[in-house]
Amino acid sequence: MTAKPKVWIARPLFPEVLARLAQHFDIEAEALDRPHDATELKQKLAGVDGAIVGLSDRVDASVLEGNTRLKVVANLGVGHNNLDLDALTRAGVLASNTPDVLNESVADFAWALMLAAARRIGAAERWLRAGHWPGSNMRFDDWMGLDLHGRTLGILGMGRIGQGVARRASGFDMRVLYHNRSRLPELVERECRATLVDKPELLRQADFLVLVLPFTAANRHAIGAPELAQMKPSAVLVNIARGGIVDDASLAAALREGRLAAAGLDVFEGEPQVHPDLLALDNVVLSPHIASASAQTRRAMANLAADNVIAALGQGEVAGKPPT
Ligand code: DGY
Numbered sequence: 001m002t003a004k005p006k007v008w009i010a011r012p013l014f015p016e017v018l019a020r021l022a023q024h025f026d027i028e029a030e031a032l033d034r035p036h037d038a039t040e041l042k043q044k045l046a047g048v049d050g051a052i053v054g055l056s057d058r059v060d061a062s063v064l065e066g067n068t069r070l071k072v073v074a075n076l077g078v079g080h081n082n083l084d085l086d087a088l089t090r091a092g093v094l095a096s097n098t099p100d101v102l103n104e105s106v107a108d109f110a111w112a113l114m115l116a117a118a119r120r121i122g123a124a125e126r127w128l129r130a131g132h133w134p135g136s137n138m139r140f141d142d143w144m145g146l147d148l149h150g151r152t153l154g155i156l157g158m159g160r161i162g163q164g165v166a167r168r169a170s171g172f173d174m175r176v177l178y179h180n181r182s183r184l185p186e187l188v189e190r191e192c193r194a195t196l197v198d199k200p201e202l203l204r205q206a207d208f209l210v211l212v213l214p215f216t217a218a219n220r221h222a223i224g225a226p227e228l229a230q231m232k233p234s235a236v237l238v239n240i241a242r243g244g245i246v247d248d249a250s251l252a253a254a255l256r257e258g259r260l261a262a263a264g265l266d267v268f269e270g271e272p273q274v275h276p277d278l279l280a281l282d283n284v285v286l287s288p289h290i291a292s293a294s295a296q297t298r299r300a301m302a303n304l305a306a307d308n309v310i311a312a313l314g315q316g317e318v319a320g321k322p323p324t
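First residue of the sequence shown? That's 1 in full-length UniProt numbering, and the numbers climb one at a time after it.
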């Protein structure tokens, strides 16, 4: 009997997904959700045919050096800036991600952050939990936030997730502007009720600006001090894309100095570290990169990653597509 291929799973996965993988492979699954450094990744990947990794596991040329066994790396996420695709291709290793299954959950979460940041839900909750309400001197004009309805929503990056964010805006009676590498087909624009504008116009007009760009070298600090200076002081910035797209130090300065009203951030430069200046501010809502973390979607992502490994190692049909 030939030995089963070996697969390392770098993140804890659902028992039923592990059980499915175990039917095909000799699996080693990590019990804790933590990033792995290059030395550990190199050592783990050296002894396996396939791996399922998380977004904080950086698979690059140094990690792949000398590895002649590995055939597939499946990323638990749609963004794949943690994978050096050139290095993987050179090493003859297939790469996959989890597109589409998370679009709607991430779009939902953008709205959660927009609402929480605009209506100061995080700060109000902290105040309440600190025991302030009973007998406090709360005034009628305390805790005033910003309305979403009737305002202008700007979306930077209009792929499937951006389109999901846009479609939800009609329920809030918002005007939607977007900026994207290319114009969407007219039908999609109509469905999203969205109008293409250039980036400076988007920055100037948006009351709420949601970032849904992929992280590439060109998009690094797409929102930095010059862009923040073009935005309305009453605007709210939401980042559900990748941390490096925003210059966090400049963002914190703008929020502190009242040059921007509020922000909702799910992703950070250098995460899992969060810039200390952001942590010190009350007008920012912070979450630990959980936009896709609904029960249904995380299951779908885990299953898709498993399908991809099963297919790549010749055990079944391809269920997902490789990152482009
Ligand atoms: C992804 O999958 O890339 C997203 O960041 C999940 O929230």
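Beta carbons: idealized from backbone N, C-alpha and C, even for Gly.
Being a predicted model, the structure only gives us computed values, none of them experimental.
Just list the residues that DSSP pairs residue i with in beta bridges.
i             : result
isoleucine 27 : Val7
valine 53     : Asn75
glutamate 175 : One point to set straight first is that residue 175 is arginine, not glutamate, in the sequence displayed. DSSP output for arginine 175 lists Thr152 as bridge partner(s).
valine 246    : Ile223
Compute the Euclidean distance between the alpha carbons of residue i and residue j, then round it to the nearest angstrom.
i                : j                 : result
lysine 6         : glutamine 296     : 27 Å
alanine 306      : serine 62         : 25 Å
leucine 255      : valine 210        : 16 Å
leucine 278      : alanine 225       : 15 Å
leucine 85       : serine 294        : 28 Å
arginine 298     : arginine 11       : 12 Å
glutamate 201    : lysine 232        : 11 Å
serine 287       : alanine 3         : 43 Å
aspartate 207    : leucine 146       : 10 Å
phenylalanine 25 : valine 285        : 42 Å
valine 53        : alanine 95        : 11 Å
glycine 77       : aspartate 141     : 42 Å
alanine 124      : tryptophan 111    : 18 Å
alanine 302      : alanine 249       : 34 Å
glycine 59       : arginine 120      : It should be pointed out that residue 59 corresponds to valine in this sequence rather than to glycine. The straight-line gap from Cα to Cα measures roughly 38 Å.
glutamate 191    : isoleucine 223    : 27 Å
residue 325      : asparagine 82     : Only positions 1 to 324 of the chain appear in the structure, and residue 325 is not among them; the question remains open.
alanine 241      : phenylalanine 268 : 9 Å
leucine 228      : glutamine 205     : 12 Å
lysine 321       : glycine 92        : Note that lysine 321 scores 49 on pLDDT, short of 50, meaning its location in the model is unreliable; the coordinates nonetheless yield the value given after this. So the two alpha carbons sit approximately 17 Å from each other.
isoleucine 290   : glycine 243       : 13 Å
leucine 45       : asparagine 75     : 14 Å
serine 136       : tryptophan 8      : 54 Å
glutamine 23     : asparagine 219    : 41 Å
glutamate 16     : histidine 275     : 37 Å
arginine 20      : arginine 69       : 22 Å
histidine 39     : valine 48         : The question names histidine, but residue 39 is threonine in the sequence shown. Taking the straight line from one Cα to the other gives about 15 Å.
tryptophan 133   : glycine 122       : 15 Å
valine 238       : serine 182        : 22 Å
Would you please state the rounded distance, in angstroms, between the beta carbons of residue i and residue j? I believe it to be under 8 Å.
i                 : j              : result
isoleucine 161    : tyrosine 178   : Actually they do not touch by this definition, with Cβ atoms about 12 Å apart.
glycine 159       : valine 197     : Their Cβ separation, rounded to whole angstroms, is 17 Å, which puts glycine 159 and valine 197 out of contact at 8 Å.
valine 165        : threonine 195  : The pair is not a contact, with the Cβ atoms about 15 Å apart (cut-off 8 Å).
phenylalanine 172 : leucine 148    : 5 Å
leucine 264       : methionine 114 : The sequence shown places glycine at residue 264, rather than the leucine named in the question. Sure, about 6 Å apart at Cβ, within 8 Å.
leucine 32        : aspartate 57   : So it is not a contact: roughly 13 Å between Cβ atoms.
alanine 117       : valine 236     : 5 Å
alanine 261       : serine 234     : 5 Å
valine 73         : leucine 88     : 6 Å
alanine 151       : serine 170     : Sequence inspection shows arginine at residue 151; the alanine mentioned does not correspond to that position. Their Cβ separation, rounded to whole angstroms, is 13 Å, which puts arginine 151 and serine 170 out of contact at 8 Å.
According to DSSP, is residue i helix, strand or coil?
i              : result
asparagine 67  : coil
leucine 265    : strand
threonine 39   : helix
leucine 304    : helix
leucine 146    : coil
valine 236     : strand
leucine 260    : coil
leucine 13     : coil
valine 284     : strand
valine 59      : strand
isoleucine 290 : coil
glutamine 315  : coil
proline 134    : coil
glycine 320    : Only weak support exists for where glycine 320 lies, its pLDDT of 47 falling under 50; the value from the coordinates is given anyway. Three-state DSSP puts glycine 320 in coil, outside helix and strand.
valine 309     : helix
threonine 297  : helix
leucine 21     : helix
alanine 254    : helix
alanine 46     : helix
alanine 241    : coil
proline 276    : helix
leucine 32     : coil
Quick check: does the Cβ of residue i come within less than 6 Å of any heavy atom belonging to the ligand GDP?
i          : result
glycine 77 : With respect to small molecules bound, the structure shown includes the ligand DGY and not the ligand GDP.
Subject >> alpha helix (DSSP H) segments (min. 4 residues) lying fully within the region 83-130 >> reply: 85-90, 103-118 and 121-129
Subject >> beta strand (DSSP E) runs wholly inside the region 155-219, at least 3 long, in chain order >> reply: 175-179, 194-196 and 208-211
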